[in-house]
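Here the structure is laid out as structure tokens; the discussion comes afterwards.
Numbering (full-length UniProt numbering), first residue to last: 1 to 471.
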């Protein structure tokens with residue numbers, strides 16, 4: 001009724017021939033039997049896992065052992081001063097409480113002494129120490145605290161200015177803005193080296209998120225976009241900002257030289273990737289599931305059926321996880337169980353598409369799946385591929401939290417600087433490295449790379465410093 005999709009979008013019969021098309025026909029008895037067996041096996045697994053599930057009992061978390069302990073001894077009334085009249089038992093009752101020591105600002109005074117060698121009468125002055133930002137009083141520790149405050153604790157700079165005032169120092173907001181740009185400039189060469197590392201791997205995910213930008217010409221905030229790219233091979237990530245654009249030109253700029261698999265949601269801007277040689281596009285089942293989830297209140301029967309089929313795909317992944325399968329075993333399991341379920345689901349969607357309004361919630365959900373079906377099925381080709389982009393969405397969350405607190409970026413330059421800092425912060429998280437510790441080390445050592453071009457800035461990235469045992 002509403003038109004037939006182009007056959008080139010459909011999933012082929014054979015999971016080993018994903019680039020082939022197939023005719024729009026009903027399932028053969030052999031196909032129906034394959035699907036039936038797959039559904040039975042997945043359903044049986046689900047029953048077993050539900051029976052084996054144990055209720056988790058909450059346990060009070062112990063305070064970290066690495067924290068310094070300060071003991072406070074409390075004695076019975078009348079003990080002190082009369083110790084010889086008492087016998088203390090060894091089993092004293094102990095409790096622990098977290099205490100906070102307020103931050104302290106202090107001035108580090110650097111005094112460079114000058115002297116003369118008696119033998120040569122040569123006058124020598126102690127060498128100048130490289131501070132992170134030239135002609136600035138801001139040390140690495142102060143700059144680190146500012147960046148951590150804004151990008152980890154999501155405190156706008158004006159609030160940090162107020163905190164410094166309570167500590168007895170008044171720092172103009174304009175000065176802090178200069179420091180912020182200075183730190184981003186120091187990190188930028190390492191940032192571009194990071195981008196090279198991410199794009200050199202053969203499996204990445206990409207997503208985008210909004211960030212409000214002040215438009216001085218329009219005298220209001222406008223919606224800009226930060227792009228996030230994550231390597232699924234080494235876990236490294238980077239953010240990119242291109243004047244706030246979300247257009248296909250940014251996709252082309254980011255990935256025109258890339259070779260490998262790119263996993264995204266169904267945003268139309270990524271369609272240009274289909275035309276690039278050497279790129280395999282993958283879809284996201286979580287985004288597909290959200291469409292059907294939104295359709296529950298409109299068409300419960302169809303939406304629940306669709307969600308059940310998608311749920312079985314994740315049951316297959318759980319089966320592989322529980323059995324500790326390697327990538328080869330996982331891909332064989334997917335071909336045997338997940339692939340038939342996906343193909344049967346696609347045939348169901350093709351049949352139901354003519355029975356629903358295309359602009360209704362269920363119609364949009366079915367349309368989204370059919371438009372992206374070839375991307376969605378490709379995760380069954382390789383055991384390394386994931387069925388969704390959940391990992392990269394988790395990497396976007398710090399931006400979303402920050403957006404609620406410091407509200408906007410002052411201009412395009414500030415947004416580009418933020419992309420640099422978010423990128424290195426994301427790499428710290430991926431490497432399980434403390435961002436504050438890493439940034440303090442980076443700012444104290446980055447100038448060692450100024451004149452020695454034989455040094456690779458990769459050595460200053462979080463994962464590399466961790467591998468070297470430095471942090």
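Yeah, the Cβ is synthetic: ideal placement off N, Cα and C, and Gly gets one too.
Keep in mind the model is a prediction, meaning the values are calculated, not measured.
Across the set 453, 276, 342 and 465, the C-alpha of 465 shows the shortest separation from the C-alpha of residue 438. In the DSSP annotation of this structure, the continuous segment of the beta strand (DSSP E) that includes residue 281 starts and ends at 279-282. Assigned with DSSP and collapsed to three states, residue 263 falls in strand. DSSP, reduced to helix, strand and coil, places residue 117 outside both helices and strands of the structure shown, so it counts as coil.
Annotation for residue 191: the continuous alpha helix (DSSP H) segment containing it runs 173-199.
With respect to residue 240, residue 419 sits close: the two C-beta atoms are nearer than 7 Å. Judged by their CB atoms, residue 334 and residue 203 are not nearer to each other than the 7 Å cut-off. Between residue 396 and residue 207 a beta carbon distance of about 6 Å is seen, short of the 8 Å cut, so the two are scored as contacting. Comparing alpha carbon positions, the residue from 190, 112, 133 and 250 closest to residue 462 is 190.
Taking residue 443 as the centre and dropping the five residues before and after it, the same chain places the C-beta of 132, 140, 143, 144, 183 and 186 closer than 8 Å to its C-beta, in chain order. Residue 456 and residue 135 have their alpha carbons spaced roughly 27 Å apart. If you ignore the 5 residues before and after residue 160, its C-beta comes within less than 8 Å of the C-beta of 146, 149, 150 and 176, all in its own chain and listed in chain order. Rounded to the nearest angstrom, the gap between the Cα atoms of residue 274 and residue 251 is 11 Å.
DSSP places residue 338 within a helical segment (H, G or I) once states are collapsed to three.
Annotation: residue 326 to residue 197 spans about 25 Å, alpha carbon to alpha carbon. Distance between residue 321 and residue 255, taken at the CA atoms: about 31 Å. Looking at the backbone, the Cα of residue 467 and that of residue 282 are separated by about 31 Å.
The beta carbons of residue 28 and residue 340 sit no closer together than 7 Å. Judged by beta-carbon spacing, residue 289 lies beyond the 7 Å limit of residue 392, meaning their Cβ atoms are not closer than that value. Residue pairing by DSSP puts residue 208 in a beta bridge opposite 227.
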